[in-house]
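Peer 1: Chains B and G, in that order, are what the protein sequence lines are.
Number 441 in the working numbering belongs to position 49 of the first sequence; there are no gaps in the numbering.
Number 452 in the working numbering belongs to position 60 of the second sequence; there are no gaps in the numbering.
Okay, handing you the structure first.
Protein chains: 2
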Amino acid sequence: MADLTIGALARAGGVGVETIRYYQRRGLLPEPARPAGPGLGGGVRRYGSGDVRRLRFIRSAQTAGFTLEEIGELLTLDASNERARAQDLARARILALDARIAELTEAREALARLADACASGGAGPCPIISAFQP
Amino acid sequence: MADLTIGALARAGGVGVETIRYYQRRGLLPEPARPAGPGLGGGVRRYGSGDVRRLRFIRSAQTAGFTLEEIGELLTLDASNERARAQDLARARILALDARIAELTEAREALARLADACASGGAGPCPIISAFQP
DNA sequence: ATTGCCTCCGTACCATGGTACGGACCCCAT
DNA sequence: ATGGGGTCCGTACCATGGTACGGAGGCAAT
């Protein structure tokens, strides 16, 4: 356990401190009990390597297109035995991902056509709108 | 020229009427001059096939990851002769698209691993978080 | 013990891309 | 000429995912 402060955790996950606090409010990261220090409000929260893993998972799942709400469910599921539900979520997202990848690939082709048409000489504007028409 | 109403244009582009009006406010679609009818406020706007093309372009460019602001620039560029700028935009977006496609492909693999681990028997939870750790 | 950085907390604000609302007005068919 | 549906317009609101702010207090080094 690395005994990190919130700032160190944020750095480890490549996010800002405010983002950590936001995730805590959303229930995605635990709000660790603060050691009841001498001060009235208590001391400073400490985080461990489990929190770093969890934070990194959140970021990865986001790039996979899960919403924070879905990610919350995944995190709950991770500790539960509901394999069926987890598989459903994964499979649904794989389908969405395949569709999205196809879309992006198509868009890439359109852009390549555009860059091409723009590059090959000739005066006048290159037909940007047309480059995207199927 | 198809002489469409705003509602027909919206249907042709697969968006809502409010979206059309929003794009007009953003300057992405022209606000056609309304024939000065007898009423004080003027008549109803009419749209043609060029508007449909333009609208469809906007949607395609969005799936390519352009923001509406960038799309606005593309639309201006389409009529101008600034080939260099158009190429820059296209090339930058191609790079971003390639990166994004790679990311999504990786995420897809992680999800496939997850679904797999979840499917192959064994009691207890499937390790969702671990499935995403590189 | 003073300086300087960090943390804590609530609340407010932001950008993006829409979506909804309500009242007036218009057009077309019956 | 009356009704119903479409249009027009400004303005308000929404969801998502943060980001900023300000003031109070903590922590460690000098």
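Think of the CB as a built atom: it goes at the ideal place given N, C-alpha and C, for glycine as much as any other residue.
All values derive from a computational prediction rather than experimental measurement.
Tell whether a beta-carbon distance below 8 Å holds between B:Ala499 and G:Leu489.
Peer 2: Here residue 499 of chain B corresponds to residue number 107 of the first sequence, with the count starting at 1. Here residue 489 of chain G corresponds to residue number 97 of the second sequence, with the count starting at 1. Yes, Cβ-Cβ distance for B:Ala499 and G:Leu489 is below 8 Å.
Peer 1: Identify every run of the alpha helix (DSSP H) within the segment 460-499 of chain G, keeping only runs that are complete inside it and at least 4 residues long; order them along the chain.
Peer 2: Whole alpha helix (DSSP H) segments, 4+ residues: 460-471.
Peer 1: Give me the Cα-Cα distance between B:Leu401 and B:Gln525, rounded to the nearest whole angstrom.
Peer 2: Indexing the first sequence from 1 puts residue 401 of chain B at position 9. Indexing the first sequence from 1 puts residue 525 of chain B at position 133. Computed Cα separation, rounded: 46 Å.
Peer 1: Does DSSP classify B:Leu421 as helix, strand or coil?
Peer 2: As a working note, residue 421 of chain B is residue 29 in the first sequence. Coil, per DSSP.
Peer 1: Measuring alpha carbon to alpha carbon, tell me which of B:Ala494, B:Gly514, B:Thr397 and B:Cys510 ends up nearest G:Thr455.
Peer 2: Stepping through the second sequence from its first residue, residue 455 of chain G is reached at position 63. It is B:Ala494.
Peer 1: In chain G, what lies closer than 8 Å to B:Ala404 by C-beta?
Peer 2: Working through the first sequence from its first residue, we reach residue 404 of chain B at position 12. Near B:Ala404 there are no residues of chain G at all, since even the closest Cβ is about 14 Å away, more than 8 Å.
Peer 1: List the residues of chain G that B:Ser441 touches, going by C-beta distances under 8 Å, in chain order.
Peer 2: On the first sequence, position 49 is the one that residue 441 of chain B refers to. By Cβ distance, chain G contributes nothing, its closest Cβ being about 11 Å from B:Ser441, past 8 Å.
Peer 1: Are the C-beta of B:Glu462 and some C-beta of chain G separated by less than 8 Å?
Peer 2: Looking up residue 462 of chain B in the first sequence gives position 70. Judged by the 8 Å Cβ criterion, B:Glu462 is not in contact with chain G.
Peer 1: Using the beta-carbon of each residue, which ones in chain B are nearer than 9 Å to G:Leu489?
Peer 2: On the second sequence, position 97 is the one that residue 489 of chain G refers to. Per Cβ cutoff of 9 Å: Leu496, Thr497, Ala499, Arg500 and Leu503.
Peer 1: Give every residue of the same chain whose Cβ lies closer than 8 Å to the Cβ of B:Gly408, excluding the five residues on either side of it in the sequence, and list them in chain order.
Peer 2: Reading the first sequence from its first residue, position 16 is the one you call residue 408 of chain B. Correct list, in chain order: Ala402.
Peer 1: Please tell me whether G:Pro424 and G:Tyr439 are closer than 8 Å, where the distance is taken between their beta carbons.
Peer 2: Residue 424 of chain G sits at position 32 when you count from the first residue of the second sequence. Residue 439 of chain G sits at position 47 when you count from the first residue of the second sequence. Contact flag set, yes.
Peer 1: Verify the CB distance criterion: does G:Ala471 have a CB-CB separation below 8 Å to chain B?
Peer 2: On the second sequence, position 79 is the one that residue 471 of chain G refers to. Closer than 8 Å to some Cβ of chain B, the Cβ of G:Ala471 qualifies, so yes.
Peer 1: So, is the C-beta of G:Ile398 closer than 8 Å to a C-beta in chain B?
Peer 2: Counting from 1 along the second sequence, the entry for residue 398 of chain G is found at position 6. No, G:Ile398 does not count as interfacial toward chain B.
Peer 1: Am I right that B:Leu421 and B:Leu447 are in contact with their C-beta atoms under 8 Å? What's the rounded C-beta distance?
Peer 2: Against the first sequence, residue 421 of chain B aligns to sequence position 29. Against the first sequence, residue 447 of chain B aligns to sequence position 55. Confirmed, Cβ separation roughly 7 Å.
Peer 1: Please identify the residue among B:Cys510, B:Ala482 and B:Arg437 whose C-alpha is closest to the C-alpha of G:Ser472.
Peer 2: Taking the first residue of the second sequence as position 1, residue 472 of chain G is located at position 80. That would be B:Cys510, whose Cα lies nearest to the Cα of G:Ser472.
Peer 1: Quick one: is G:Arg418 buried, meaning 16 or more other Cβ sit within 10 Å of its Cβ, or exposed?
Peer 2: The sequence position of residue 418 of chain G within the second sequence is 26, counting from 1. The residue in question, G:Arg418, is exposed, as its Cβ has fewer than 16 Cβ neighbours within 10 Å.
Peer 1: When the cut-off is 8 Å and only beta carbons count, does G:Ile520 lie next to chain B?
Peer 2: Walking along the second sequence from the start, residue 520 of chain G turns up at place 128. At least one chain B Cβ lies under 8 Å of G:Ile520.
Peer 1: May I ask which residues mark the beginning and end of the alpha helix (DSSP H) holding G:Asp443?
Peer 2: Here residue 443 of chain G is taken as the residue at index 51 of the second sequence, counted from 1. Segment Ser441 to Thr455, the alpha helix (DSSP H) holding G:Asp443.
Peer 1: Exposed or buried, G:Gly434, counting other C-beta atoms within 10 Å across all chains shown (16 or more means buried)?
Peer 2: Within the second sequence, numbered from 1, the residue matching residue 434 of chain G stands at position 42. Interpretation of G:Gly434 is limited by its pLDDT of 45, a score under 50 that renders its predicted location unreliable; no figure is taken from the coordinates.
Peer 1: Check the Cβ of G:Ile335 against every Cβ in chain B and list those closer than 9 Å, keeping chain order.
Peer 2: Nothing about residue 335 of chain G can be reported from this structure: the residues present for chain G run from 393 to 526 only.
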